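Asks:
2 protein chains.
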Amino acid sequence: MSDMSIGRLSGLSGVKVPTIRYYESIGMLEAPPRSPGGQRRYGDAHLERLRFIRHGRDLGFGLDDLRALQDLSNRPDQSCEEADRIARRQLLDVERRIAGLEAVRHELLRMVERCSHGVVDECRVIQTLSDHALCEHEHGEDQTVSKAG
Amino acid sequence: MSDMSIGRLSGLSGVKVPTIRYYESIGMLEAPPRSPGGQRRYGDAHLERLRFIRHGRDLGFGLDDLRALQDLSNRPDQSCEEADRIARRQLLDVERRIAGLEAVRHELLRMVERCSHGVVDECRVIQTLSDHALCEHEHGEDQTVSKAG
DNA sequence: CTTGAACCTCTAGTCGCTAGAGGAATTAGG
DNA sequence: CCTAATTCCTCTAGCGACTAGAGGTTCAAG
Chain H
1105 MSDMSIGRLS
1115 GLSGVKVPTI
1125 RYYESIGMLE
1135 APPRSPGGQR
1145 RYGDAHLERL
1155 RFIRHGRDLG
1165 FGLDDLRALQ
1175 DLSNRPDQSC
1185 EEADRIARRQ
1195 LLDVERRIAG
1205 LEAVRHELLR
1215 MVERCSHGVV
1225 DECRVIQTLS
1235 DHALCEHEHG
1245 EDQTVSKAG
Chain X
1105 MSDMSIGRLS
1115 GLSGVKVPTI
1125 RYYESIGMLE
1135 APPRSPGGQR
1145 RYGDAHLERL
1155 RFIRHGRDLG
1165 FGLDDLRALQ
1175 DLSNRPDQSC
1185 EEADRIARRQ
1195 LLDVERRIAG
1205 LEAVRHELLR
1215 MVERCSHGVV
1225 DECRVIQTLS
1235 DHALCEHEHG
1245 EDQTVSKAG
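Protein chains in written order, with this note's numbering: chain H, 1105 to 1253; chain X, 1105 to 1253.
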């Protein structure tokens, strides 16, 4: 399973080819040896590392967190307090985002349910956006909901 | 309430000063008249529009959607079908993201609950990330969970 | 040995802001 | 009226985590 091309590594890891090169460029993934012609040749260690990153990204960890966790896993004798702390922080973050999205979902539901399917002037969707008093949504301090990739 | 400075508009709308200028630069907010010295002077229409944008952003709409919705609200006689479609799409998107985050939350909970608080080598957090087989999480096609701003 | 897919580097773009430099205008107080 | 503090101005660059595309090279199958 050694001497994988970047395409094969991509297929096995679920990480796109340009993303793998990007990870290398920012030091998330060790630069592999090259073929005589200059193409990347990966081994199993790369595949493992990339799966670790992919899995962590799926769980919403930032690349910095994953770098820290990866460093920790290379020092198996250390206390896992730090790893625990990072994971708990991430959990709290996810829970906070879920709560925010639930509130958003609630208001969106109200909007579309009350839409009379008539003309814009009577449209609940537009009205709700225009007049904040029509809804129950609280403005957070400066937190905003953002799109997922 | 006319002739507001950008700072006052910011305070009343909850949108930060640089963000207001950014909105102007990308055509989301009409450029206001200027004072003799060249500073922006806003009226009530700007405040209303900005609150509309702010509210929409809080609900996770993209600026393109908000531009479309804003355009619609300027044509009150048109059918609100389009507005309805945009809002429903947004609702589906939010629901999809909630579902994704719930799965993520579930796995994070398992991770931190099973952490033995010992050394890294036995740490569930690291193990789960390293070995995908240890968890129940399914990799989506290429969807990833991203941070909120 | 040819062909076509996969690879290479590099730059620039995405979204929605945010930060900072370096300077001009405004406003409140004395 | 003058000063000092605050707010405002433009401009460029940066964030995270990629994604897209141009223009060229290498590899693997037949």
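Think of the CB as a built atom: it goes at the ideal place given N, C-alpha and C, for glycine as much as any other residue.
In this text the structure is predicted, and so the values were computed from the model without any measurement.
#1: Name, please, each residue of chain X whose Cβ falls closer than 8 Å to the Cβ of P1122/H.
#2: Ordered along the chain, which non-local residues of its own chain (more than five positions away) have a Cβ less than 7 Å from that of S1250/H?
#3: Report, in whole angstroms, the separation of the C-beta atoms of V1198/H and G1164/H, which I expect to be a contact under 8 Å.
#4: Considering just the uninterrupted stretch of the alpha helix (DSSP H) at A1135/H, what are its terminal residues?
#5: Taking the alpha-carbon positions, what's the Q1247/X to G1142/H distance?
#6: For S1220/H, does the count of other Cβ atoms within 10 angstroms reach 16, so buried, or fall short, so exposed?
#7: Rank G1222/H, I1110/H, E1206/H, R1228/H by C-alpha distance to the C-alpha of D1162/X and give the top, closest one.
#8: Work out the CA separation of C1227/H and L1213/H for me, nearest whole Å.
#9: Going along the chain, which residues of its own chain have a beta-carbon closer than 7 Å to the beta-carbon of A1187/X, five neighbours each way excluded?
#10: Can you check whether the C-beta of D1169/X is within less than 8 Å of a C-beta belonging to chain H?
#11: To the nearest angstrom, how far is the alpha carbon of L1196/X from that of I1190/X?
#12: Looking only at its chain, what residues have a beta carbon closer than 8 Å to the beta carbon of Q1194/X, apart from the 5 residues adjacent to it on each side?
#13: Hey, I1124/X and L1116/X: beta-carbon distance below 8 Å or not?
#14: Quick check: is the beta carbon of G1160/X nearer than 8 Å to any beta carbon in chain H?
#15: Under a Cβ-count criterion, where at least 16 other Cβ atoms within 10 Å of its own Cβ denotes burial, should P1136/X be classed as buried or exposed?
#16: Counting along the chain, where does the alpha helix (DSSP H) carrying P1180/X start and finish?
#17: Just grab the DSSP bridge partners of R1144/X for me.
#18: Can you give, in chain order, each stretch of the beta strand (DSSP E) that sits fully within the stretch 1162-1209 of chain X and has at least 3 residues?
#19: Note down the Cα distance separating A1203/X from I1202/H, rounded to an integer number of angstroms.
#20: Under DSSP, the alpha helix (DSSP H) around S1234/X begins and ends at which residues?
Replies: So, to answer that:
#1: Per Cβ cutoff of 8 Å: no residues; P1122/H is ~12 Å from chain X at best.
#2: Since pLDDT at S1250/H reaches only 43, below the 50 mark, its modelled position is unreliable, and the value read off the structure follows with that caveat. The answer is none, since no qualifying residue turns up.
#3: 6 Å
#4: No alpha helix (DSSP H) holds A1135/H; DSSP gives it neither H nor E.
#5: Here Q1247/X scores only 37 on pLDDT, less than 50, and its place in the model is too uncertain to base an answer on.
#6: exposed
#7: E1206/H
#8: 14 Å
#9: L1173, L1176
#10: no
#11: 10 Å
#12: L1163, G1164, F1165, D1169
#13: no
#14: yes
#15: buried
#16: Premise fails: P1180/X is in no alpha helix (DSSP H) and is neither H nor E.
#17: R1138/X
#18: none
#19: 9 Å
#20: 1228-1234
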